[in-house]
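Q: For the protein sequence lines, the chains are A and B, in the order given.
When the first sequence is numbered by the numbering used here, its final residue is 336 and no position is left out of the sequence of numbers.
When the second sequence is numbered by the numbering used here, its final residue is 336 and no position is left out of the sequence of numbers.
Number of protein chains: 2
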Amino acid sequence: MTRVPTSKDVAKAAGVSQPTVSRALAGHPHVSPATRDRVRKAAEALGYVPQESGRALRSRRSRRIAVVSSPDDLLNPFHPQLIVPLHQALGAAGYRTTLLVEAGDAAVLSQVTDGSVDGVVLTATNTGSAVPRHLAASGVPHVLVNRLVPEPGHPSCVADNRQGAADIAGVVAGLGHTEVALVLGPRRLSTSLDREAGFRGVLASGRAVRTRVLRGGYDHATGVAAAQALLSAARRPTAILCASDTIALGVLHEARMRGVDVPGELTVTGFDDIPMAGWEPYALTTVRHDAGRMAAEAVRLLLSQLRPAPETAAPEAVVLHADVVLRETHAPPPV
Amino acid sequence: MTRVPTSKDVAKAAGVSQPTVSRALAGHPHVSPATRDRVRKAAEALGYVPQESGRALRSRRSRRIAVVSSPDDLLNPFHPQLIVPLHQALGAAGYRTTLLVEAGDAAVLSQVTDGSVDGVVLTATNTGSAVPRHLAASGVPHVLVNRLVPEPGHPSCVADNRQGAADIAGVVAGLGHTEVALVLGPRRLSTSLDREAGFRGVLASGRAVRTRVLRGGYDHATGVAAAQALLSAARRPTAILCASDTIALGVLHEARMRGVDVPGELTVTGFDDIPMAGWEPYALTTVRHDAGRMAAEAVRLLLSQLRPAPETAAPEAVVLHADVVLRETHAPPPV
DNA sequence: TTGTAAGCGTTATCAG
DNA sequence: CTGATAACGCTTACAA
Numbered sequence: 002m003t004r005v006p007t008s009k010d011v012a013k014a015a016g017v018s019q020p021t022v023s024r025a026l027a028g029h030p031h032v033s034p035a036t037r038d039r040v041r042k043a044a045e046a047l048g049y050v051p052q053e054s055g056r057a058l059r060s061r062r063s064r065r066i067a068v069v070s071s072p073d074d075l076l077n078p079f080h081p082q083l084i085v086p087l088h089q090a091l092g093a094a095g096y097r098t099t100l101l102v103e104a105g106d107a108a109v110l111s112q113v114t115d116g117s118v119d120g121v122v123l124t125a126t127n128t129g130s131a132v133p134r135h136l137a138a139s140g141v142p143h144v145l146v147n148r149l150v151p152e153p154g155h156p157s158c159v160a161d162n163r164q165g166a167a168d169i170a171g172v173v174a175g176l177g178h179t180e181v182a183l184v185l186g187p188r189r190l191s192t193s194l195d196r197e198a199g200f201r202g203v204l205a206s207g208r209a210v211r212t213r214v215l216r217g218g219y220d221h222a223t224g225v226a227a228a229q230a231l232l233s234a235a236r237r238p239t240a241i242l243c244a245s246d247t248i249a250l251g252v253l254h255e256a257r258m259r260g261v262d263v264p265g266e267l268t269v270t271g272f273d274d275i276p277m278a279g280w281e282p283y284a285l286t287t288v289r290h291d292a293g294r295m296a297a298e299a300v301r302l303l304l305s306q307l308r309p310a311p312e313t314a315a316p317e318a319v320v321l322h323a324d325v326v327l328r329e330t331h332a333p334p335p336v
Numbered sequence: 002m003t004r005v006p007t008s009k010d011v012a013k014a015a016g017v018s019q020p021t022v023s024r025a026l027a028g029h030p031h032v033s034p035a036t037r038d039r040v041r042k043a044a045e046a047l048g049y050v051p052q053e054s055g056r057a058l059r060s061r062r063s064r065r066i067a068v069v070s071s072p073d074d075l076l077n078p079f080h081p082q083l084i085v086p087l088h089q090a091l092g093a094a095g096y097r098t099t100l101l102v103e104a105g106d107a108a109v110l111s112q113v114t115d116g117s118v119d120g121v122v123l124t125a126t127n128t129g130s131a132v133p134r135h136l137a138a139s140g141v142p143h144v145l146v147n148r149l150v151p152e153p154g155h156p157s158c159v160a161d162n163r164q165g166a167a168d169i170a171g172v173v174a175g176l177g178h179t180e181v182a183l184v185l186g187p188r189r190l191s192t193s194l195d196r197e198a199g200f201r202g203v204l205a206s207g208r209a210v211r212t213r214v215l216r217g218g219y220d221h222a223t224g225v226a227a228a229q230a231l232l233s234a235a236r237r238p239t240a241i242l243c244a245s246d247t248i249a250l251g252v253l254h255e256a257r258m259r260g261v262d263v264p265g266e267l268t269v270t271g272f273d274d275i276p277m278a279g280w281e282p283y284a285l286t287t288v289r290h291d292a293g294r295m296a297a298e299a300v301r302l303l304l305s306q307l308r309p310a311p312e313t314a315a316p317e318a319v320v321l322h323a324d325v326v327l328r329e330t331h332a333p334p335p336v
């Protein structure tokens, strides 16, 4: 088994010095086309790939960005809508992306503060997470996407969850519903808190609306369980507002299972506009936020830290408008 | 802005030499508890994190494994079932995991042959991919999961797709169906080819069965389109065997949209047993393969390359049995 | 048990 | 335009 070739081997093969190999392959401006070709050819022949560790050690840059996710988020159909454009935008900026799927703060921190990445995109951060604070302390450029943390000073890009929730709650209230249930996600997620605030703000300010609140994860099972509880209660709600599409689909399933007519007897709404929400059997009325734009703006915020431009202080938070998508799961309450 | 601390800084703070810092923090056996404590304390105080690039450069190991996926796979609900246990098994073996979500061979190769990972788990490999060959040529330990490539010499761990497909086709044939359609995935995926072979083997050997074949991606849209074509044809199939659950759900949706009774008028089967397949509104009859065990076996195959044990030649391929899951979308053909 | 010395492969600096 | 030289931060070998 032959040793993996280094730039020294390429140099010998091409008859140049080792630093010249580095310059030639890096596309350095002041190298003669002749030597560049010779070096390229030799590198090709030997199957030479510059070693990341040597490069990173010397240059103190890895040209790599970590996108931090979590096992929970990996299961959510909304996730790829965020990951793929992030990957693309970072690639366009000359950065490679590695996705970290970790549950614990410690595991994440140990992997992003060891100099192996130039920056971090946080997509699954809990409100109580210590990660943003530690990153700031270590001077690691970072940006939050689709999440906010209470402490200031962390660049973030989010949809206006509160506004989106308020808008769809307004639609439901406007239809005349007075028996409304909310099915929310975990308290540790800013999206859930903000959506809750949006829902509540509208429902409280309207006419006498009786509101029940259930809580769980952003998943199908939560929706099923919530619907079981709500639909077997003595006084059924006539509308169920869910903090995510995954929850709403669970509610829809359980409702149909029980022969409850949606939207005739029951209005159900979601949030996120995952692909399934648009499928014909569901046609879920929901709130859309533009993950692609969210990703692009987040990358912009991150890049402004990586290559700080003079005079252009980037805004700390970008908040994108969320749009209500009216499909077929909403209607006035039964008379 | 202060420089990020190095082991030298810790050494000075703790009043020891720099290599002693390395030994103390690495849990090296022959360090006095006193100095170990002193070093630990100093490191803690300075917020020292050993730099990956220095470590990797010197030790020639990164303690990191790349799990290679693709944007397409990221969208498939089966994906997390594989990724999460892979992550867990690798973590238990002392390796950190980074997920690579790349479409092109070149992008993948450039990231896994630069010494930044000790090994590679390939979860989304096309049959024609050059990646396994290049990895073998570069001497990078690797293993294929849920995929096979034609060339020998690449350790792999897969479900017995052919057997699983044959078994479920046997069930359908046994019910008496003679008008059967197959909706398959891309030709570039071994899973699709093997499932096709399993389906066809049984259907060809049975009594006169008329078989139609459609092809697309492993996704919902493919199922919808296939069902549209098949159900509006003059001679409708009485059973549609799908190469993935995502396809089958699309078929189910379209069938119900058209008021076709499943399973009364139409039998529909899937493959993978994704969580949705078990949801009550679907109750899809399908084939289950154990992603958790697949992941665990794959990691075992990879580890046997990373720490080669004497005398224990690891098998090249592990093939796991696939089980038919009988739910509620199969029945005899209408009379 | 600990310190000294060396070197991993690369990029940056400086002559020439 | 190119070569010699140094240095990045760490782990290993060897000496004390």
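C-beta: ideal position from N, C-alpha, C; glycine also.
Just so it is clear, the structure is predicted and the values come from calculations on it, not from any experiment.
(1) Can you name the residues of chain A whose CB is closer than 7 angstroms to the CB of G55(B)?
(2) Measuring only between beta-carbons, confirm whether A138(B) sits less than 8 angstroms from chain A.
(3) Going by the CB atoms, is the gap between V40(B) and V22(B) shorter than 8 angstroms?
(4) At a cut of 8 angstroms, does the region 288-303 of chain A reach the region 156-169 of chain A through at least three beta carbon pairs?
(5) Is there a Cβ from chain A that is less than 8 angstroms from the Cβ of M258(B)?
(6) Would you verify that the beta carbon of I275(B) is, or is not, closer than 8 angstroms to some beta carbon of chain A?
(7) Once DSSP output is grouped into helix, strand and coil, what is the label at L303(B)?
(8) Please say whether G218(B) and P187(B) have beta carbons closer to each other than 8 angstroms?
(9) Given this structure, state the Cα-to-Cα distance separating T212(A) from E197(A), to the nearest angstrom.
(10) According to DSSP, is I275(B) part of a helix, a strand, or is it coil?
(11) At a Cβ cut of 9 angstroms, what residues of the region 103-117 of chain B count as close to chain A, listed as they run along the chain?
(12) Under a three-way DSSP split, which group does E281(B) fall into?
(13) Please classify P151(A) as buried or exposed, where buried requires at least 16 neighbouring CB atoms within 10 angstroms.
(14) Of all Cβ atoms in chain A, is any one closer than 8 angstroms to the Cβ of P142(B)?
(15) With DSSP run on the structure shown, which of helix, strand or coil describes D74(B)?
(16) Just the Cα atoms here: how many angstroms apart are T192(B) and R62(B)?
(17) Is there a Cβ of chain B sitting closer than 8 angstroms to that of V50(A), yes or no?
(18) Under 8 angstroms between the Cβ atoms of L110(B) and V132(B)?
(19) Identify, in the order they occur along the chain, each residue of the same chain with its Cβ nearer than 6 angstroms to the Cβ of N162(A), setting aside the five sequence neighbours on each side.
(20) Looking only at C-alpha atoms, which of F79(B), A43(B), Q52(B) sits nearest to D115(A)?
(21) Can you find at least 3 beta carbon pairs, one from the region 25-33 of chain B and one from the region 64-79 of chain B, that sit closer than 8 angstroms?
(22) For a contact meaning CB atoms closer than 7 angstroms, what does R97(B) contact in chain A?
(23) Can you tell me the Cα-Cα spacing of A226(B) and A44(A), whole angstroms?
(24) Leaving aside the five residues before and after A240(B) along the sequence, list all residues of the same chain whose C-beta is less than 6 angstroms from its C-beta, in chain order.
(25) Please report how far the alpha carbon of L321(B) lies from the alpha carbon of V203(B), in whole angstroms.
(26) Who are the Cβ neighbours of L190(B) in its own chain at under 8 angstroms, not counting the five residues just before and after it?
(27) Identify whether H80(A) lies in helix, strand or coil by the three-state DSSP scheme.
(28) Closest to P334(A) by C-alpha separation, out of Y283(A), A90(A), A249(A), L176(A), would be which residue?
(29) Using a Cβ-Cβ cut-off of 7 angstroms (strictly less than) and excluding sequence neighbours within five positions of V252(A), which residues of its own chain qualify?
(30) Please report the Cβ distance between D291(B) and D273(B), rounded to the nearest whole angstrom; I am assuming they are in contact, meaning their Cβ atoms lie under 8 angstroms.
(31) Using a Cβ cut-off of 9 angstroms, pull out every chain A residue sitting near H88(B), in sequence order please.
(32) Hey, could you find the ends of the beta strand (DSSP E) R289(A) is sitting in?
(33) Output the boundary residues of the alpha helix (DSSP H) element that contains H143(B).
(34) In this structure, does DSSP put S33(A) in helix, strand or coil?
(35) State yes or no: is the beta carbon of L76(A) nearer than 8 angstroms to at least one beta carbon in chain B?
(36) What are the boundary residues of the alpha helix (DSSP H) that includes V113(B)?
A: Taking the coordinates as given:
(1) Going along chain A in sequence order, the residues near G55(B) (Cβ under 7 angstroms) are L58.
(2) Output row for A138(B): interface = yes.
(3) Between V22(B) and V40(B), the gap from beta carbon to beta carbon is short of 8 angstroms.
(4) Yes, they touch.
(5) Yes, M258(B) counts as interfacial toward chain A.
(6) False, the Cβ-Cβ gap to chain A never drops below 8 angstroms.
(7) Three-state DSSP puts L303(B) in a helix.
(8) Yes, they are a contact pair.
(9) Taking C-alpha positions only, T212(A) is separated from E197(A) by approximately 12 angstroms.
(10) Reduced to three states, the DSSP call for I275(B) is coil.
(11) Those would be E103, A108, L110, S111, Q112, T114, D115, G116, S117, in chain order.
(12) E281(B): coil per DSSP, three-state reduction.
(13) Classification of P151(A): exposed, given that the 10 Å Cβ count is below 16.
(14) False, the Cβ-Cβ gap to chain A never drops below 8 angstroms.
(15) For D74(B), the three-state secondary structure derived from DSSP is helix.
(16) Using only the alpha carbons, I get a separation of about 33 angstroms.
(17) The beta carbon of V50(A) sits closer than 8 angstroms to some beta carbon of chain B.
(18) The answer is yes: Cβ separation under 8 angstroms.
(19) If we look at N162(A) and ignore the five residues flanking it on each side, its Cβ neighbours are T192, D195, R196.
(20) When only C-alpha atoms are compared, the closest one is Q52(B).
(21) The region 64-79 of chain B and the region 25-33 of chain B do not touch, with fewer than three beta-carbon pairs separated by less than 8 angstroms.
(22) Identification of chain A residues near R97(B) by a Cβ-Cβ cut-off of 7 angstroms yields Q112, ordered along the chain.
(23) So the two alpha carbons sit approximately 48 angstroms from each other.
(24) For A240(B), the CB contacts under 6 angstroms within the same chain, skipping 5 residues up- and downstream, are V173, H178, V181, T268 in chain order.
(25) If you draw a straight line from the Cα of L321(B) to the Cα of V203(B), it is about 20 angstroms long.
(26) Within the same chain, L190(B) has close Cβ partners N127, T128, R148, Y219.
(27) Helix, per DSSP.
(28) By alpha-carbon distance to P334(A), the top candidate from Y283(A), A90(A), A249(A), L176(A) is L176(A).
(29) The answer, listed in chain order, is V184, G224, A227, A228, I241, C243, V269.
(30) With 8 angstroms as the limit, D291(B) and D273(B) do not qualify as a contact, their Cβ atoms being about 11 angstroms apart.
(31) What H88(B) touches in chain A: P72, V102, E103.
(32) That run of the beta strand (DSSP E) goes 287-289.
(33) Premise fails: H143(B) lies in the beta strand (DSSP E), 143-146, not in any alpha helix (DSSP H).
(34) In this structure, S33(A) counts as coil in the three-state DSSP scheme.
(35) Cβ-Cβ to chain B under 8 angstroms: yes for L76(A).
(36) It spans 106-113 - the alpha helix (DSSP H) in which V113(B) sits, taken as one unbroken run.
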